[in-house]
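Novice:
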Ligand SMILES: Nc1ncnc2c1ncn2[C@@H]1O[C@H](COP(=O)(O)OP(=O)(O)O)[C@@H](O)[C@H]1O
Ligand SMILES: [Mg+2]
């Protein structure tokens, strides 16, 4: 009876209840859709990080990352052979990596020099797809270099220009080589484009005085994200002397962002709900005030305070929750639509987005994982909003209330 | 005879804008089971206040009120609510019913609050609606009923809880004379057939005439009491 009474009571003032239900639906729609945008952005970013930047796993010599000294290298043949039995590995590429100086006639800048092999790199970091001008590095011993568009713009470099790369070899001798720009690439991540240049691994190994079968970095792409941790552990077992990192460790800022955005978007939903709570409290207070006599009568007849409290509480919760399915449905439909069409925000923030490594087209994803959290927030909102009106209702003195 | 209400020297003062109003002054009231009492007096004479006090809706500043031997002035607020639910039937002047509930549901609500079983509730609702002559209006909303019909539903509800007595504050004030007479007929019948005790306030002369005992209030004091049940039934009293 109490629930049925509560349900009928919320329909007494249809316009008012309708306004609250619509506000809840719209608020929820806005909240969930923003979550969907974040979810899409973050998942897209994580995909980019894994599929085109660092891979799922990276293997280095334990000391390599201390100061990126190329002498801390691995025998790639040995490692690759051992990894052949790992069926969860989709692709892997071996790299020689060192930091150095890129100089032109007019200036110089700090770069990360990656010695790569075309095929392996196209599989793990999709380098070929990122080339906007020119072509891939040619095989063999020619000194070609790929640089990022951002770096090219900064250093005023064009295709076929010559640059000099200066760095120290494995024996700590300063060495330099002249390279011709064969291609200019561009990814969604401008800071990386500015930092990374690519040369042939053979060529770089020669400069560094490293044997051809040496490398400093092995990037691994798995078939399935879920195998990340277990594969890391298995490889670690096989090579206790090497450092195995997941993308979360290689790119901690991305991992951190995933957590931050999660929290941020929940805060966003909470802010929406706080705004809604004021509307709900106001509506329910009005409703209680209008029924002063009626509630006083119920108390007079013998409805105890607990039941009166629960009645107003149920009314508030029902009022809040009627709009919930509508809001969820609307955001779900919008997400489905835009997850195919994509939302292009390049017109107002491409630079800002790519500055943080985000694509400027967002494909929202329905935040199913966050939905329970959102529902809990709504329940709390309803309960907190109900508190004030319910307390008001149980404070009514029947004799006074009936006199009205 | 069984004493239902025994009020000793009760007074109630209201402070209206810090001017004290003595609404009920040193009232003694003694009601036996089966009485049918009218409380009369001009507007502002304290009828509602007195009924609120003996109905446990308000507390007196002094005096004791024993209902069925229990001093309700000593009960806590929560105990009082529960006491009202099980011992007192109320009929108010108007807007007695919950508008979103049907006539039947309005009556059922009280018994549900008392925690009675579904079967019992169903049977009792049938009986009560028969007694107030509204068996065909079970599923009507209050808005679909006339004022007189609404008051009859209110009487049915007051009886639903099987109270010690029914307290009615000007139950006919908003009714035409025909509906008023009809309501009084029903109350009289319930009084005679089921020995239900009624105390109601009124300033309608035709209603006063129907009472077997009339208590007149003037300025919060009992001005006259036409006699107690015992006196009226002196001839065949056992005492
Ligand atoms: N809650 C209250 N606050 C202040 N004064 C009140 C209150 N209730 C009743 N009174 C005063 O007490 C007196 C008796 O009122 P009431 O019991 O309503 O009389 P009646 O029902 O006979 O018309 C009146 O003077 C009225 O103004
Ligand atoms: Mg009155």
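Chains as they are written, first to last, in the numbering used here: chain U, 1 to 404; chain H, 1001 to 1239. Where is the CB? At the ideal position from N, CA and C, for every residue including glycine.
Can you tell me whether residue 1149 of chain H is helix, strand or coil according to DSSP?
Specialist: Three-state result, residue 1149 of chain H: helix.
Novice: Give a yes or no on contact between the segment 1148–1157 of chain H and the segment 1166–1179 of chain H, applying the rule of three or more CB pairs nearer than 8 Å.
Specialist: Flag = yes, the segment 1148–1157 of chain H and the segment 1166–1179 of chain H touch.
Novice: Give me, in chain order, the residues of the same chain whose beta-carbon lies closer than 6 Å to that of residue 198 of chain U; leave out the 5 immediate sequence neighbours on both sides.
Specialist: Only 114, 116, 146 meet the Cβ criterion.
Novice: Would you mind listing the alpha helix (DSSP H) stretches within the segment 300–354 of chain U that are 4+ residues and don't spill past its ends, in chain order?
Specialist: DSSP runs (the alpha helix (DSSP H)) wholly in the segment 300–354 of chain U: 305–341.
Novice: In the DSSP output, which residue or residues are listed as bridge partners for residue 188 of chain U?
Specialist: For residue 188 of chain U, which the question treats as bridged, DSSP gives no partner whatsoever.
Novice: What is the chain-ordered set of residues for which the beta carbon lies under 5 Å from any non-hydrogen atom of ligand 1?
Specialist: Ordered along the chain, the selected set is H:1014, H:1016, H:1021, H:1023, H:1043, H:1044, H:1045, H:1046, H:1047, H:1048, H:1049.
Novice: For residue 200 of chain U, which of helix, strand or coil comes out of DSSP?
Specialist: In the structure shown, residue 200 of chain U sits in a strand (DSSP, three-state: E or B).
Novice: Give, in chain order, every residue of the segment 271–304 of chain U whose Cβ lies closer than 8 Å to some Cβ of chain H.
Specialist: Those would be 293, 294, 297, 298, 299, 300, 301, 302, 303, 304, in chain order.
Novice: Flag residue 398 of chain U as yes if its beta-carbon sits less than 7 Å from any beta-carbon of chain H, otherwise no.
Specialist: Yes, contact with chain H.
Novice: Applying a beta-carbon distance threshold of less than 9 Å, which residues of chain H neighbour residue 12 of chain U?
Specialist: Those are 1099, 1100, listed as they occur along chain H.
Novice: For residue 1134 of chain H and residue 1152 of chain H, I'd like the C-alpha separation in whole angstroms.
Specialist: Cα to Cα, residue 1134 of chain H sits roughly 8 Å from residue 1152 of chain H.
Novice: Quick one: residues in its chain with C-beta nearer than 7 Å to the C-beta of residue 238 of chain U, no 5 flanking neighbours on either side, listed in chain order?
Specialist: Cβ within range, chain order: 82.
Novice: When we look at the beta-carbon of residue 257 of chain U and count the other beta-carbons within 10 Å, is it buried (16 or more) or exposed?
Specialist: It is buried - the Cβ of residue 257 of chain U has at least 16 other Cβ atoms within 10 Å.
Novice: Quick one: is residue 8 of chain U near chain H, going by C-beta distance under 7 Å?
Specialist: Residue 8 of chain U counts as touching chain H.
Novice: Please give me, in chain order, every unbroken run of the alpha helix (DSSP H) with length at least 4 that falls completely inside the segment 17–84 of chain U.
Specialist: Qualifying alpha helix (DSSP H) stretches, in chain order: 64–67, 76–83.
Novice: Find the nearest neighbour of residue 315 of chain U within the set U:286, U:136, U:253, judged by alpha-carbon distance.
Specialist: Answer by Cα proximity: U:286.
Novice: Closest to residue 1221 of chain H by C-alpha separation, out of H:1020, H:1004, H:1205, H:1041, would be which residue?
Specialist: Among H:1020, H:1004, H:1205, H:1041, the Cα nearest to that of residue 1221 of chain H belongs to H:1041.
Novice: Whose CA, out of U:136, U:383, U:73, lies closest to the CA of residue 159 of chain U?
Specialist: Nearest of U:136, U:383, U:73 to residue 159 of chain U, Cα basis: U:136.
Novice: Quick check on this structure: which residue in U:404, U:400, U:93, U:41 has the alpha carbon closest to the alpha carbon of residue 413 of chain U?
Specialist: A query on residue 413 of chain U cannot be resolved here, the shown segment of chain U reaching from 1 to 404 and no further.
Novice: Mind checking the segment 1038–1065 of chain H against chain U and listing, in chain order, the residues whose C-beta falls within less than 8 Å of any C-beta there?
Specialist: Listed by position along the chain: 1048, 1052, 1055, 1057, 1058.
Novice: Under 6 Å Cβ to Cβ from residue 1002 of chain H, same chain only, skipping five residues before and after it: list those, please.
Specialist: Contacts found: 1033.
Novice: Is there a Cβ of chain U sitting closer than 7 Å to that of residue 1165 of chain H, yes or no?
Specialist: Closer than 7 Å: no.
Novice: By alpha-carbon positions, which one of H:1192, H:1162, H:1204, H:1223 ends up nearest to residue 1083 of chain H?
Specialist: Of the listed residues, the one whose Cα sits closest to residue 1083 of chain H is H:1162.
Novice: Count the CB pairs spanning the segment 92–101 of chain U and the segment 205–218 of chain U that are closer than 8 Å, and state whether there are at least three.
Specialist: Touching, yes.
Novice: Mind listing, in chain order, the continuous alpha helix (DSSP H) runs of no fewer than 4 residues lying wholly within the segment 1013–1085 of chain H?
Specialist: Here the runs fully enclosed are 1047–1054.
Novice: For residue 418 of chain U, count the other beta carbons within 10 Å of its own beta carbon; 16 or more makes it buried, fewer makes it exposed. Which is it?
Specialist: This structure leaves residue 418 of chain U out entirely; chain U is present only between 1 and 404.
Novice: For residue 389 of chain U, count the other beta carbons within 10 Å of its own beta carbon; 16 or more makes it buried, fewer makes it exposed. Which is it?
Specialist: Buried: at least 16 other Cβ atoms inside 10 Å.
Novice: Specify, as a first and last residue, the run of the beta strand (DSSP E) that residue 1211 of chain H falls within.
Specialist: Segment: none, residue 1211 of chain H is in no beta strand (DSSP E) and carries neither H nor E.
Novice: Could you tell me the distance, in whole angstroms, from the CA atom of residue 93 of chain U to the CA atom of residue 75 of chain U?
Specialist: Whole-angstrom Cα-Cα distance: 13 Å.
Novice: Would you list the one or two residues that DSSP bridges to residue 407 of chain U?
Specialist: A question about residue 407 of chain U goes unanswered here, because the residues of chain U that appear run from 1 up to 404.
Novice: Measuring alpha carbon to alpha carbon, tell me which of U:321, U:291, U:204, U:272 ends up nearest residue 71 of chain U.
Specialist: Among U:321, U:291, U:204, U:272, the Cα nearest to that of residue 71 of chain U is on U:204.
Novice: Give the secondary structure of residue 243 of chain U by DSSP, where H, G and I count as helix, E and B as strand, and everything else as coil.
Specialist: Residue state, collapsed to three classes: strand.
Novice: Answer with yes or no whether the minimum CB distance from residue 1190 of chain H to chain U is below 7 Å.
Specialist: Not an interface residue.
Novice: For residue 1060 of chain H, tell me which candidate among H:1068, H:1190, H:1013 has the shortest Cα-Cα distance.
Specialist: If we check each option's Cα against that of residue 1060 of chain H, H:1013 comes out closest.
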